[in-house]
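**Student:**
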Amino acid sequence: MSQTHCPLKSTASFAALLSIALTLHAQDADFMHSTVKQATTLDTLPVIQDWQHPANGVWSASIGDMANELRYTDLAAEPPRIDRLNTLGDPDFPFEADSIRYSINPDGRVMVRIPCGPDEKLYGYGLQLDKVNQTSRVLELNMDHWGQGGGRTHAPVPFYVSSKGYGVFFNTARFLKVYNQISNRKDATQRPHEVDRNPPEDEVASQPGPWQANPMGDSVEAAISGNGLELMVFAGDSMLEVVQRYNLYSGGGALPPLWGLGFWHRVHAHHNAQQVETEVAEYTEHQFPLDVIGLEPGWMTKSYPCTFEWQTKRFPDPQAFTQGLLKQGIRLNLWENPYLSQHAKLYADMYPLSGSHTVWLGIVPDYTLPAARHLLAAQHKADHFDIGISGYKMDEVDGYDRWLWPDHATFPSGNSAEALRQTYGMLLQKLLYQDLFKANNQRTYSLVRASNGAASGYPFVIYSDSYDHAQYITGLSTASLCGILWTPEIRSAGSAREWLNRMQTVCFSPMANLNAWASGVKPWDFPEVTDAVRDVIELRMRLLPYFYSAFAAYNRDGIPPVRAMILEGDFEAGDQTIIAGELDSETNPYATGEIIEKNDQFMFGPSIMVAPFYQEHATERSVQLPAGNWYNFYTGVLAGNNCMITVTAAELQDRTPLFVKQGAIIPMFAQAPLNSTAAKGQDMIVRHYGNTAGSCELYEDDASTFDYQGGSYRIRTLSVDADGALDVKIEGNGPALFGEILNVEQMTK
Ligand code: GAL
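All residue numbers for the sequence shown refer to our numbering, where the first residue is 7 and numbers rise by one.
(1) Count Cβ pairs between the region 662 to 674 and the region 245 to 264 that sit closer than 8 Å; are there 3 or more?
(2) Just list the alpha helix (DSSP H) runs in the region 363 to 429, keeping only unbroken ones of 4 residues or longer that don't cross its boundaries, in chain order.
(3) Under three-state DSSP, which class holds TRP65?
(4) Can you have a look at VAL568 and say buried or exposed, based on whether 16 or more other CB atoms are within 10 angstroms of its CB?
(5) Would you call the region 674 to 690 and the region 296 to 305 in contact, with 3 or more CB pairs under 8 Å?
(6) Quick check on DSSP: helix, strand or coil for LEU30?
(7) Cα-Cα, which of TYR640, GLN630, MET615 and THR654 is closest to GLU622?
(8) Could you name the residues that DSSP lists as bridge partners for TRP636?
(9) Give every residue of the same chain whose Cβ lies closer than 6 Å to the Cβ of ALA27, excluding the five residues on either side of it in the sequence, and list them in chain order.
(10) Checking 7 Å against the spacing of the C-beta atoms, do VAL734 and ARG720 come in under that value?
(11) Tell me the rounded alpha-carbon separation between PRO162 and LEU128.
(12) Just list the beta strand (DSSP E) runs in the region 429 to 470, keeping only unbroken ones of 3 residues or longer that don't cross its boundaries, in chain order.
(13) Taking the alpha-carbon positions, what's the HIS292 to VAL616 distance?
(14) Just tell me which of GLU84, ARG119, LEU442 and ASP136 has its CA closest to the CA of PHE101.
(15) Provide the residue span of the beta strand (DSSP E) that contains TRP505, from first to last.
(16) List the residues that DSSP assigns as beta-bridge partners of GLN702.
(17) Would the beta-carbon of PRO344 be found less than 6 Å away from any heavy atom of the ligand GAL?
(18) Go ahead and label HIS386 buried or exposed: buried means 16 or more other beta carbons lie within 10 angstroms of its beta carbon, across all protein chains shown.
(19) Out of curiosity, what's the CA-to-CA distance linking PRO741 and ALA260?
(20) To the nearest angstrom, report how far apart TYR478 and PHE675 are at their CA atoms.
(21) Can you tell me the Cα-Cα spacing of PRO673 and SER710, whole angstroms?
(22) Can you tell me which residues fall inside 6 Å of the ligand GAL, judged by beta-carbon distance to its nearest heavy atom, and keep chain order?
(23) Buried or exposed, going by whether 16 or more other CB atoms sit within 10 Å of the CB of ARG427?
(24) Which class does LYS333 belong to by DSSP, given the choice of helix, strand or coil?
(25) With a cut-off of 8 Å on the beta carbons, I'd call TRP305 and VAL365 a contact; round off their distance for me.
(26) Closest to HIS390 by CA distance: which of GLU592, TRP341 and MET432 is it?
(27) Closest by CA to ARG562, which one among MET609, LEU332 and GLY716?
(28) Considering Cα atoms alone, identify which of ASN635, ASN62, TYR131 and PRO216 is closest to GLU146.
(29) On a Cα-Cα basis, can you pick out the residue from SER419, GLN607, LEU743 and ASP441 that is closest to ASN74?
(30) Please report the distance separating the alpha-carbon of VAL403 from that of PRO198.
(31) Please determine, among ALA45, LEU48 and SER109, the residue with the shortest C-alpha to C-alpha distance to ASP71.
(32) On the DSSP letters alone, give me the boundaries of the beta strand (DSSP E) that HIS271 sits inside.
(33) What's the C-alpha gap between TYR185 and HIS271?
(34) Relative to the alpha-carbon of ALA228, which residue among MET517, ARG180, GLN582 and PHE269 has its alpha-carbon at the smallest distance?
(35) Using the three-state DSSP reduction, which class does TRP492 fall into: helix, strand or coil?
(36) Alpha carbon to alpha carbon, what distance is there between LEU81 and GLN435?
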């Protein structure tokens, strides 16, 4: 299906337009009426009819001309998992036929209108740090640094999930403005009743309801400025199944190497090789687990803009240094931002392949061009990968208007500045994942500060310079709705309690990352909580078999390893409190109310719910237990079923509040290993909660290569009956990664 733009817009010169305007002005008083050029009623909007149906529960359609538009699915890590999608059932298209309409406006906007009931809740739109529920909001989904709000974020993924069990994905790398259930059309059939806001006294009772500042609309309307957009619809029996389909269509979830799930420490930006080695030794001295050391900008000859070349004053022998760490089981990760310095060896070759403007005076390579990709991948292979570097922290790809390229910048590929801004983080992920790591059959687990749609297959975790603990917890939920991994990294703290609380949050996230690039802080720097901090890192290490298996489910089935409570079905009812607004002519003239969300809990793997202490809830907080029996992780005592409880740090002996579902089976190491290398082959125990039978799948492979994609993995299905007897079935011929199961701990007496 293709549409042409209003010819006036694209061909008329400014002078011609001006002369038309002047002629019209000279006409009679009918001027306003005689110039109606565009129908404005709903029934005149064209209907999207040409839906493709690439897999069960997945539909797509194009509006306008997509020939030169960049789509997120074109940048996905892996091809769509059509076979797996087709095993998920065959749901009906979740909308009435002919109910999705669009328009291509004279100003070049492409708008699509998707029906949405007033009772539907909408979730998603990427890594939003303030709210999970996006009902009745206007969002500008533009790639941006933190702090802009209103939709602008590190991962403004244009995908939403409805509580009715479907999802909508705007598959185009354009800035998108979306109006969720607001903006009532004049001829909508489901408009709310008009209410007189200032009725005479005797008419107050007959008003059809309270006057509302934001009368609920019956659709989601979203628009871009561009030539066209692709719309995708995902269906499912539950919101989780919708997210699963979105992830599977994006190529499935990422599978990190096992080491990626251990503890990470990013050292001070100016550390040299010897200082790093001393810090690693201190980890051993303090008996703290450690898997990855991250070097910050000082490892390079120049940074901001960058060279990607080793600073030999600080690191005289990078290969010996990297290999020395590897011998201790420690991987090295390198910080970079992608803007190239004049001092870089790559500069001259990259110059013609870069955009019109600079960032921090560095040129901006156009990584949609194969030649640019090849140059960077080859240099990274020779200087980093071949000496043992395990991954990167790709910084500054989210942009910020003051230091990114302007929207009118041009790039040699002809892609727009806007499309490059929306996808720059993804392009770098694609390059590093496909051209460097996958091409050399080594998995990576890396960091990136920006991502976007269809990115679930990338083993990159987003982080931010923002530092609000509540928002960091919310991010764990919102990321899980859109195929994104997020780390609420710890950098510093104003008190020992805050240090412990933040450490506990990050240890139940996709990446347990301490980023000391500016503070130089170490995990044991608050002595009064050192044991409690070690305890939670050790618990993460003990849970590696459970968490690695959760990532395998992300990879194979699209189920997020850390996820929002609303994906747990019964939680939705308890997720909001509505507070009515009070009229005030100065501060609240529309008497706008507030919705307070319960978004400070999340699932870690399939069975453990985490409710971290934070901010004013530093040592005491409420926890919403969804329907079903939930047990205290540490003691097995029944905590409740479909109710709100209060927990305190004192009663938990300073441990993280963790609750486990009835019947859950949790495989974990009998002892905490000091890193993932030491973890290989270690014996496990299995914890069984509640008094009903349960089972879980324990996934194993070589933990570091892509051989699993060719079938080299195995699954131990662990089943425990109501009396605690264990049965183990093994499928697949892949290598054993973990040791034997020593015993079943029956947690519930
Ligand atoms: C910031 C980044 C920090 C740190 C710093 C080094 O942009 O978010 O985590 O890497 O750069 O200069």
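Think of the CB as a built atom: it goes at the ideal place given N, C-alpha and C, for glycine as much as any other residue.
**Tutor:** Put simply:
(1) no
(2) 376 to 389
(3) strand
(4) buried
(5) yes
(6) Residue placement at LEU30 cannot be trusted, given a pLDDT of 47 that sits under 50; what the coordinates show is reported in the next sentence. In this structure, LEU30 counts as helix in the three-state DSSP scheme.
(7) THR654
(8) GLY646 and LYS667
(9) Since pLDDT at ALA27 reaches only 46, below the 50 mark, its modelled position is unreliable, and the value read off the structure follows with that caveat. Cβ neighbours of ALA27 beyond the five flanking positions: none.
(10) no
(11) 15 Å
(12) 452 to 454 and 466 to 468
(13) 27 Å
(14) ARG119
(15) Segment 502 to 513 is the alpha helix (DSSP H) holding TRP505; no beta strand (DSSP E) there.
(16) Looking at the sequence shown, residue 702 is not Gln but Cys. Looking at the DSSP assignment, CYS702 forms a beta bridge with LEU724.
(17) no
(18) buried
(19) 20 Å
(20) 28 Å
(21) 21 Å
(22) ALA275, GLU302, PRO303, TRP341, ASP401, GLU402, ASP471, ASN521 and TRP523
(23) buried
(24) helix
(25) TRP305 to VAL365, Cβ: 20 Å. No contact.
(26) TRP341
(27) GLY716
(28) TYR131
(29) SER419
(30) 43 Å
(31) SER109
(32) 269 to 272
(33) 41 Å
(34) ARG180
(35) strand
(36) 9 Å
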